[in-house]
Amino acid sequence: MKTIYLDNNATTMVAPEVIDEMLPYFSDLYGNPSSIHSFGGEVAKKIAEARQKVASLLNADPDEIIFTSCGTESDNAAILSALSLNPGKNHIVTSRVEHPAVKVLCERLATKGYRITELPVDSDGLIDIDAYRRSLTPDTAVVSIMWANNETGVIFPVEHMAYLARERGILFHTDAVQAAGKIPINMRNNQIDMLSISGHKLHAPKGIGILYIRRGTSFSPFLIGGHQEKGRRGGTENVPSIIGLGKACELAYQNLENENGYIKSLRDRLEDGLINKIPRCKVNGHRQKRLPNTSNMSFESVEGESILLLLDQYGICASSGSACTSGSIQPSHVLRAMGVPYTMIHGSVRFSLSKYNTEEEIDFVIDIMPKIIERLRQMSPYWSHEQTACTGV
Ligand code: PLP
Numbered sequence: 001m002k003t004i005y006l007d008n009n010a011t012t013m014v015a016p017e018v019i020d021e022m023l024p025y026f027s028d029l030y031g032n033p034s035s036i037h038s039f040g041g042e043v044a045k046k047i048a049e050a051r052q053k054v055a056s057l058l059n060a061d062p063d064e065i066i067f068t069s070c071g072t073e074s075d076n077a078a079i080l081s082a083l084s085l086n087p088g089k090n091h092i093v094t095s096r097v098e099h100p101a102v103k104v105l106c107e108r109l110a111t112k113g114y115r116i117t118e119l120p121v122d123s124d125g126l127i128d129i130d131a132y133r134r135s136l137t138p139d140t141a142v143v144s145i146m147w148a149n150n151e152t153g154v155i156f157p158v159e160h161m162a163y164l165a166r167e168r169g170i171l172f173h174t175d176a177v178q179a180a181g182k183i184p185i186n187m188r189n190n191q192i193d194m195l196s197i198s199g200h201k202l203h204a205p206k207g208i209g210i211l212y213i214r215r216g217t218s219f220s221p222f223l224i225g226g227h228q229e230k231g232r233r234g235g236t237e238n239v240p241s242i243i244g245l246g247k248a249c250e251l252a253y254q255n256l257e258n259e260n261g262y263i264k265s266l267r268d269r270l271e272d273g274l275i276n277k278i279p280r281c282k283v284n285g286h287r288q289k290r291l292p293n294t295s296n297m298s299f300e301s302v303e304g305e306s307i308l309l310l311l312d313q314y315g316i317c318a319s320s321g322s323a324c325t326s327g328s329i330q331p332s333h334v335l336r337a338m339g340v341p342y343t344m345i346h347g348s349v350r351f352s353l354s355k356y357n358t359e360e361e362i363d364f365v366i367d368i369m370p371k372i373i374e375r376l377r378q379m380s381p382y383w384s385h386e387q388t389a390c391t392g393v
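In structure tokens:
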């Protein structure tokens with residue numbers, strides 16, 4: 001059975017060009033980039049090239065890029081650095097819809113005496129900028145707001161928000177793990193101080209990330225050890241993955257506009273097809289201020305997990321808005337923050353596409369999904385068979 005992979009916000013396929021670029025650094029070219037000899041020096045040169053490619057995707061300077069082990073490390077490093085450099089300030093501003101890499105860290109910090117403001121979102125998943133402005137106080141050490149949400153794809157106006165933070169002398173970090181490679185990012189045009197990226201969301205391998213730190217922004221390292229990354233992140237470099245990530249950023253930079261236009265057309269085809277064929281379904285999140293590859297849809301009176309299991313029987317991979325924690329199904333904190341009704345949250349599915357998807361795959365999903373939903377609704381005690389009109393779209 002062919003796999004139809006529509007779960008690219010969870011992770012992506014490593015691009016074949018990326019694998020080709022990495023392979024020699026697992027075998028022949030295994031030198032340590034810190035070594036004095038030219039065997040290691042060759043590797044150091046290749047890392048410098050990768051850093052330049054990452055910087056080009058962000059329109060940043062190579063010196064502003066440090067390589068980390070993942071998006072989670074980058075998020076943690078940014079926030080903890082801001083706190084350690086501002087010991088007199090104990091307030092953090094974030095949102096209710098952050099990834100656990102920020103959200104759970106902030107919850108942990110709350111137990112250590114930090115005051116956390118989690119900004120609410122409206123039913124489209126958007127933050128109220130006036131509420132944000134009001135949340136910034138003289139004791140705010142750092143703001144951490146994601147550039148784009150991983151569940152809904154909703155894009156936040158982080159450039160404007162960073163400007164408002166800078167006016168008040170507050171550090172601004174953004175988790176751009178889902179935004180990078182999907183929408184343009186130009187660090188010369190904004191005042192964001194720190195930004196996180198993860199390799200495996202843009203066709204590089206898992207276990208490699210980036211933390212952008214604006215030139216002039218002080219930084220207190222998270223991993224302390226050797227002099228690597230100019231003393232900002234100790235530990236021998238993950239050479240093949242860094243080189244792979246450089247290649248992935250180069251590909252994303254070259255093809256951003258074309259590929260994302262194509263991906264958006266597939267995403268819209270999927271949504272239109274499902275909305276036309278399935279009664280009482282709805283798209284979650286603002287329809288325009290959204291990543292081109294993400295669709296979060298709710299199907300009333302069915303369980304997202306059941307949909308995923310049936311999709312899996314056809315080789316279709318997607319995600320649901322709920323997470324299984326300690327044996328019980330917890331509704332998504334993002335959809336809850338948006339006020340999505342309970343019966344809709346539980347029936348939510350996230351489809352996230354990539355350049356490797358095709359029209360045929362999307363048409364197959366449009367053909368299969370109505371049958372799956374109909375079958376599950378026949379078994380659902382919550383489904384009234386008089387309800388046939390599609391709502392809320
Ligand atoms: N931030 C966001 C928005 C994400 O979607 C993810 C991964 O799903 C992360 C952070 C964590 O990245 P990593 O898996 O590289 O730690």
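Count the sequence shown with the numbering used here and you get residues 1 to 393, in order.
Note that CB positions come from ideal geometry on N, CA and C, so glycine has one too.
Among residues of its own chain, excluding the 5 on either side of SER352, which ones have a beta-carbon nearer than 7 Å to its beta-carbon?
-> Counted from its first residue, the sequence shown places residue 352 at position 352. Excluding residues within five positions, the ones whose Cβ falls inside 7 Å are LEU6, ASP7, ASN8, ASN9, ASN293 and THR294.
Between LEU376 and VAL302, is the Cβ-Cβ spacing less than 8 Å?
-> Position 376 of the sequence shown, counted from the first residue, corresponds to residue 376. Position 302 of the sequence shown, counted from the first residue, corresponds to residue 302. Against a cut-off of 8 Å, the Cβ pair of VAL302 and LEU376 comes out as a contact.
Within the present structure, is the beta-carbon of ASN238 separated from the nearest heavy atom of ligand 1 by less than 7 Å?
-> What you label residue 238 is simply residue 238 of the sequence shown in a count that begins at 1. Incorrect: ASN238 has no Cβ contact closer than 7 Å to ligand 1.
Take the Cβ of GLY261 as the centre, count every other Cβ of all protein chains shown within 10 Å, and call the residue buried at 16 or more, exposed below.
-> Looking up residue 261 in the sequence shown gives position 261. The residue in question, GLY261, is exposed, as its Cβ has fewer than 16 Cβ neighbours within 10 Å.
With 16 other Cβ atoms within 10 Å as the buried cut-off, status of THR140 | Position 140 of the sequence shown, counted from the first residue, corresponds to residue 140. Buried, by the Cβ-count rule.
CB-CB length for ASP63 against ARG215, believed under 8 Å | Locating residue 63 in the sequence shown gives position 63, where the first residue counts as 1. Locating residue 215 in the sequence shown gives position 215, where the first residue counts as 1. Going by Cβ atoms, the distance from ASP63 to ARG215 rounds to 6 Å, so yes, they are a contact pair.
Check whether the Cβ atoms of LEU126 and LYS230 sit closer than 8 Å, and answer yes or no.
-> Numbered from its first residue, the sequence shown carries residue 126 at position 126. Numbered from its first residue, the sequence shown carries residue 230 at position 230. Not closer than 8 Å, so no.
Chain-order list of residues whose beta-carbon lies under 6 Å from that of MET146 (same chain, five-residue window excluded) | Along the sequence shown, read from residue 1 onward, the residue named residue 146 stands at position 146. Listed in chain order, the non-local C-beta contacts of MET146 below 6 Å within the same chain comprise GLU98 and ASP175, local neighbours out to five positions each way being set aside.
Proximity test, CYS433 beta-carbon vs ligand 1 heavy atom, cut-off 7 Å = The requested residue 433 is not part of the displayed model; the chain covers only 1 to 393.
Quick one: is the Cβ of ASN150 within less than 7 Å of any heavy atom of ligand 1?
-> By one-based count along the sequence shown, residue 150 stands at place 150. For ligand 1, at least one heavy atom lies less than 7 Å from the Cβ of ASN150.
Tell whether a beta-carbon distance below 8 Å holds between GLU361 and ILE4.
-> Position 361 of the sequence shown, counted from the start, is the residue given in the question as residue 361. Position 4 of the sequence shown, counted from the start, is the residue given in the question as residue 4. Their beta carbons are under 8 Å apart, which means GLU361 touches ILE4 by this criterion.
DSSP bridge partner residues for ASP7 (one or two, in chain order) | Residue numbering aside, residue 7 sits at position 7 when the sequence shown is read from its first letter. SER352.
Under the assumption that GLU118 contacts ARG96 (Cβ atoms under 8 Å), give the Cβ distance between them as a whole number of angstroms.
-> Within the sequence shown, the letter at position 118 stands for residue 118. Within the sequence shown, the letter at position 96 stands for residue 96. Rounded, the Cβ-Cβ distance is 5 Å, consistent with contact.
Delimiting residues of the beta strand (DSSP E) encompassing CYS281 | One-based indexing of the sequence shown puts residue 281 at position 281. Its beta strand (DSSP E) spans residues 281–284.
Return yes when the C-beta of ILE9 is under 7 Å from any heavy atom of ligand 1, and no when it is not.
-> What you label residue 9 is simply residue 9 of the sequence shown in a count that begins at 1. As written in the sequence, residue 9 is Asn, which differs from the Ile given in the question. Checking the Cβ of ASN9 against ligand 1 gives yes.
Helix, strand or coil: how does DSSP classify ALA389 here?
-> Within the sequence shown, numbered from 1, the residue matching residue 389 stands at position 389. Model confidence at ALA389 stands at a pLDDT of 44, short of 50, so the residue's coordinates are unreliable and nothing is read from them.
Any heavy atom of ligand 1 closer than 7 Å to the CB of PHE142?
-> The count along the sequence shown starts at 1 and reaches residue 142 at position 142. Correcting the residue identity first, residue 142 is Val in this sequence and not Phe. Because no heavy atom of ligand 1 lies under 7 Å away, the Cβ of VAL142 does not count as near it: no.
Starting from THR12, follow the beta strand (DSSP E) in both directions and report where the run begins and ends.
-> Position 12 of the sequence shown holds residue 12. Per DSSP, THR12 lies in no beta strand (DSSP E) segment and is marked neither H nor E.
Could you name the residues of the same chain whose beta carbon sits closer than 7 Å to that of ALA77, not counting the 5 residues immediately before and after it, in chain order?
-> For the purposes of this step, residue 77 is identified with residue 77 of the sequence shown, where counting begins at 1. Closer than 7 Å at the Cβ level, and outside the excluded window around ALA77, lie THR68, LEU211 and PHE222.
Express the C-alpha separation of GLY88 and VAL121 in angstroms, rounding to a whole number.
-> Counting from 1 along the sequence shown, the entry for residue 121 is found at position 121. Counting from 1 along the sequence shown, the entry for residue 88 is found at position 88. So the alpha carbons of these two residues sit roughly 29 Å apart.
Under a three-way DSSP split, which group does VAL177 fall into?
-> Counting from 1 along the sequence shown, the entry for residue 177 is found at position 177. Three-state DSSP puts VAL177 in coil, outside helix and strand.
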